[in-house]
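These notes are about the structure you will find just below.
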Amino acid sequence: MKAKNSIKRIALIVLGSLLFIQVHAQHATTFKFSETAPEQVLRVMENNANALFAEINSKYDLDNSQLDLTSSIVLEFAQKRIANMWAVSHFYCTRTSINTRVLKMVSSDTYQVRNIPVCYKEAENDEYRYQHIVLEFDKDGKISDLYCALPENEVADINMVVNGLTNLRNTELIMGFINRYYTAYYNKDLDLIEKVFSEDALFFWGKSVKYKANGSTDSNNPKIEYSIQNKQQYLAKLRRIFQRNSFINIKIDGVEIIQSEQNLNIFGVRLNQYWNAGGYSDEGKLFFAIDFTNVEQPVIWVTSWQPFKDANGNPIEYSEEDYFSIGDFSFE
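Here our numbering runs 25 ahead of the position in the sequence shown, where the first position is 1.
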């Protein structure tokens, strides 16, 4: 009798755990928005956000499912973006309620809701499985875009770095570019990435090698050797990475933005990047030189990568002068 009771207790515990997992992944997320937009538009935004995440959260655990999104709630461009993200990895909002203010963009006639936490199914065992996304709405409250983004506290720090160098409009443009650029990697959208880079773009990739002194190898004194790739070489390498890996998880932080003194349309962006794909992980300092001469189609001229650790996993010490920056390149 005791054995049967024990089995029943174990069964109940297991059943309870399964129910918890199901509810955890399929809960509803309720949005409440305030400020910036007209009251009537705020209510439309709330209803559309609620409807979108009701669909997303309810289908998170359903393999091979597709989202049913209507144009009355989500515009066609946003539908494609969300469908691409969903095809690579299902995701859901980790919170049951989000009460936040809506931001009116300076650079466009749109609104944003930032800092929506999501969890990607393909990254459930990853240290950085939690990410943040941005919802964009048009002037009527319809969802016009959804993409991965930095947490709000990181964005606030960026504004402080940029003060005195640029204005809020440029900050919005740059951060919008960076966020959409990284979303393209999540979505494995090689076509979009190809459009981002100038045809003459150069890629400097740093690799840690052991330094040889007096004919012997000094493992405690690594140095960085750089290889240079052109656009087509980089895209060919990236295509192979996308084919080998079902999901690529990236986290960025520590973003710095500096305007070129030679060309005020070009901005240097330096950040910390953490990359995890198919059991391979890496972290280091990434630098972009982005040309905003055409704000509708900015392009990257230069990219560099400097690893934080050597081949043995030991930290590499850099001085501030060691890192690539906008002043290291000439733009005419």
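Here a beta-carbon is modelled for each residue, glycine too, at the ideal position from N, C-alpha and C.
Taking the C-alpha atoms as reference points, what is the distance between residue i and residue j?
i	j	result
residue 199	residue 294	9 Å
residue 48	residue 69	Here the model assigns residue 48 a pLDDT of 40, short of 50, so the residue's position is not dependable, and the following value carries that caveat. Their Cα atoms are separated by approximately 27 Å.
residue 335	residue 327	24 Å
residue 117	residue 201	22 Å
residue 272	residue 148	8 Å
residue 83	residue 159	20 Å
residue 341	residue 250	13 Å
residue 408	residue 169	Because residue 408 is not part of the residues shown, which for the chain are 26 to 357, the question remains open.
residue 223	residue 279	25 Å
residue 292	residue 203	12 Å
residue 138	residue 173	12 Å
residue 305	residue 282	29 Å
residue 145	residue 104	18 Å
residue 78	residue 345	43 Å
residue 225	residue 275	26 Å
residue 107	residue 339	39 Å
residue 343	residue 352	17 Å
residue 80	residue 164	23 Å
residue 206	residue 320	14 Å
residue 258	residue 325	15 Å
residue 109	residue 171	11 Å
residue 96	residue 52	24 Å
Who are the Cβ neighbours of residue i in its own chain at under 6 Å, not counting the five residues just before and after it?
i	result
residue 66	166
residue 230	252, 330
residue 348	310
residue 267	213
residue 288	356
residue 277	296, 298
residue 58	67, 70, 71, 127
residue 94	104
residue 312	295, 329, 349
residue 307	300
residue 56	71, 74, 75, 123
residue 64	none
Per DSSP, what are the beta-bridge partners of residue i in this structure?
i	result
residue 136	129, 162
residue 327	227, 314
residue 286	None; residue 286 has no bridge partner.
residue 88	Note: residue 88 sits in no beta bridge, so no partner.
residue 66	Partner(s): none; residue 66 has no beta bridge.
residue 143	118, 156
residue 104	Paired residues: none, contrary to the question.
residue 308	299
residue 332	309
residue 294	282, 313
residue 340	334
residue 55	122
residue 171	160
residue 277	298
Report all residues from its chain with a CB closer than 7 Å to the CB of residue i; omit the five preceding and five following residues, and keep chain order.
i	result
residue 318	290
residue 87	none
residue 142	118, 119, 120, 155, 157
residue 233	247, 249, 332, 335, 336, 341
residue 176	140, 157
residue 111	92
residue 132	194, 197, 198
residue 354	314, 327
residue 286	none
residue 42	In this prediction, residue 42 scores a pLDDT of 40, lower than 50, which makes its location untrustworthy; no coordinate-derived value is stated.
Please list, in chain order, all residues of the same chain as residue i whose beta carbon is under 8 Å from its beta carbon, the five residues on each side excluded.
i	result
residue 261	none
residue 322	220
residue 76	98
residue 210	218, 273, 275
residue 90	84, 115
Which whole-angstrom value describes the C-beta separation of residue i and residue j, a residue pair presumed to lie in contact below a C-beta threshold of 8 Å?
i	j	result
residue 151	residue 301	6 Å
residue 213	residue 99	Incorrect: roughly 21 Å between the Cβ atoms, too far for contact.
residue 263	residue 315	So it is not a contact: roughly 18 Å between Cβ atoms.
residue 125	residue 162	Contact flag wrong, Cβ pair sits at about 13 Å.
residue 122	residue 208	That pair is no contact at about 25 Å.
residue 60	residue 127	6 Å
residue 74	residue 129	That pair is no contact at about 16 Å.
residue 153	residue 115	That belief does not hold up - the Cβ atoms of residue 153 and residue 115 are roughly 17 Å apart, past 8 Å.
residue 255	residue 215	With a Cβ gap of about 16 Å, residue 255 and residue 215 do not count as contacting.
residue 303	residue 269	6 Å
Would residue i count as contacting chain B if we go by Cβ distances under 9 Å?
i	result
residue 221	The structure shown contains no chain B; it is built from a single protein chain.
In chain order, each alpha helix (DSSP H) run of at least 4 residues that lies wholly inside the stretch 205-274: 215-221, 256-269
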